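See structure below.
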Amino acid sequence: MSEKRDTQKNLTASDCISSLAVEERIALARKAGEQLAPELRNKDKYLAAQRVAEALVSDLCLEVRETLAFELRKYKKLPKSIAVKIACDVDEIAVPFLRVTPALSDALMAELIPLLSDNAHLALAVRSDLGIKACRQLICHANDNAALTVICNPSVAIDTSLASLLLDHFGNNRRVIEAVVGRPNLALSVVTHILQQVSDDFQRQLCDTYGIEAQISKSAAINSQHETIWRRIRHAAPGQIHAHVIDLRQAGKLTPDLMLGMADRGCLAFLESTLAVLSSRTLTDVRETLHLANPKQFRALMQDCDLDVTQAQAVQKLARRHYGAARGRREVGNPALWHSRPATRIAPRSAA
């Protein structure tokens, strides 16, 4: 007799509920849904209903889980364990719940998105309360249909950061780019940013839509080219950078503006290689000249590179900042700088 009592004590709520008929479990799901209403003041009844719901949310019968999800879909507050299990259920249950439930915060949506199906992603993408964290996760983890839905959602504000993320993940997807370019009422800063990363056709469309001058469009195209090259060389070794500079020269794309742009981003190896290629000098000669020990030698280098006064002054400013004698003495022990210039000064060649 005592063994029977012990067995009954060890039965969990889930065990007791699973022994009921399907119709009884459905009725229990409806009752639990009523008891989980946020306005319910009876704490004991609420906790009891929560335990029942936690058992029913994993029920083997789809109709039972569907009934529970339907009853809970409009509640602003739900236990996280229950909301997460419903959201991660099969599409028949998860999608209607995800489309309308106010119980999911922006952070919780973002946390769930990598775990959800494509249809569940679409259910979230159409929501009028879609937050920025969820938007970013949808773009990173969902397919292009969800991305298009996010772009076309009038409640989603597309800022520069979100536009960059869209272009990074779907830069080769014409449907997505068309949707971004066709989005009305974009901020001018966003339009300018997009101009830097899209094709000529889309640039013209943006310029016509937003009345942007051709000069701004041209500047954006230059910035786009600089950004593309920077992504290729930022982690490259000096030898790889020199080879890339030679390729750019052969393709007719090597310009002083590009050289200065890469140098301003911190790539001194690109500056050295460009000056060497444009002047037909060796890298050693260029590096020695950039130390500015001999002003006449520096002017000759600028003339050989066919740089105008403004460009030469910009190179001189970079040389003073990165190659000056005082700076060289301070940084002689920093191995991170050795790749772009010799560790020791090279003596000028003798006239002999």
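Residue 467 in this note's numbering sits at position 57 of the sequence shown, with consecutive numbering throughout.
Yeah, the Cβ is synthetic: ideal placement off N, Cα and C, and Gly gets one too.
Values in this document were obtained by computation on a predicted structure and should not be read as measured data.
C-alpha gap between residue i and residue j, whole angstroms
| i | j | result |
| --- | --- | --- |
| R585 | D578 | 14 Å |
| Q607 | Q726 | 31 Å |
| K482 | L488 | The sequence as given places Leu at residue 482; Lys does not occur at that position. The straight-line gap from Cα to Cα measures roughly 8 Å. |
| K495 | S468 | 8 Å |
| L700 | L514 | 59 Å |
| N582 | H652 | 29 Å |
| K455 | Q445 | 7 Å |
| G541 | S690 | 55 Å |
| W639 | A556 | The sequence given here places Ile at residue 639; Trp does not occur at that position. Cα to Cα, I639 sits roughly 30 Å from A556. |
| D718 | R546 | 45 Å |
| D499 | A673 | 53 Å |
| L711 | R641 | 28 Å |
| V591 | V505 | 29 Å |
| P648 | T602 | 32 Å |
| A661 | V655 | 10 Å |
| A447 | D539 | 22 Å |
| A567 | Q650 | 41 Å |
| L532 | L526 | 10 Å |
| K441 | C617 | 59 Å |
| P705 | D667 | 22 Å |
| A544 | L576 | 14 Å |
| D501 | L681 | 56 Å |
| D695 | L664 | 20 Å |
| E434 | K486 | 27 Å |
| A459 | N452 | 11 Å |
| E449 | L596 | 41 Å |
| L572 | D716 | 41 Å |
| Q707 | L605 | 41 Å |
| T619 | F580 | 22 Å |
Below-9 Å beta-carbon distance, residue i vs any chain D residue
| i | result |
| --- | --- |
| R642 | Note that chain D does not occur in the displayed structure, where there is just one protein chain. |
Beta-carbon spacing of residue i, residue j below 9 Å
| i | j | result |
| --- | --- | --- |
| S574 | R537 | no |
| D528 | N553 | yes |
| A535 | T559 | yes |
| C471 | V510 | no |
| P524 | H551 | yes |
| A679 | L702 | no |
| I643 | F612 | no |
| R593 | I561 | yes |
| A517 | L508 | no |
| I436 | E473 | yes |
| L457 | A439 | no |
| L693 | M669 | no |
| A722 | R709 | yes |
Local Cβ density within 10 Å of residue i, reported as buried at 16 or more and exposed below that
| i | result |
| --- | --- |
| R697 | buried |
| R614 | exposed |
| P745 | In this prediction, P745 has a pLDDT of 43, which is less than 50 and means its spatial position is unreliable; what the coordinates show is noted afterwards. Classification for P745: exposed. |
| S683 | buried |
| V687 | buried |
| T720 | exposed |
| L430 | exposed |
| G676 | exposed |
| N621 | The question names Asn, but residue 621 is Gly in the sequence shown. Looking at its Cβ environment, which holds fewer than 16 other Cβ atoms inside 10 Å, G621 is exposed. |
| E476 | buried |
| R740 | Model confidence at R740 stands at a pLDDT of 39, short of 50, so the residue's coordinates are unreliable; what they give is reported in the following sentence. So R740 counts as exposed. |
Anticipated Cβ contact below 8 Å, residue i with residue j, distance rounded
| i | j | result |
| --- | --- | --- |
| G671 | H636 | 5 Å |
| T570 | S599 | 6 Å |
| A520 | I503 | Actually they are not in contact, since the Cβ atoms of A520 and I503 sit about 21 Å apart, beyond 8 Å. |
| V462 | I427 | 7 Å |
### Length-filtered (4 minimum) alpha helix (DSSP H) runs lying within the region 581-608
584-591 and 598-605
### Message
Quick check on the DSSP output: what are the complete alpha helix (DSSP H) runs of length 4 or more inside the region 432-508, in order along the chain?
### Response
432-445, 453-466, 472-482 and 490-497
#### Entry: Ordered list of alpha helix (DSSP H) runs contained in the region 660-726, each at least 4 residues
666-674, 678-689, 693-700 and 705-714
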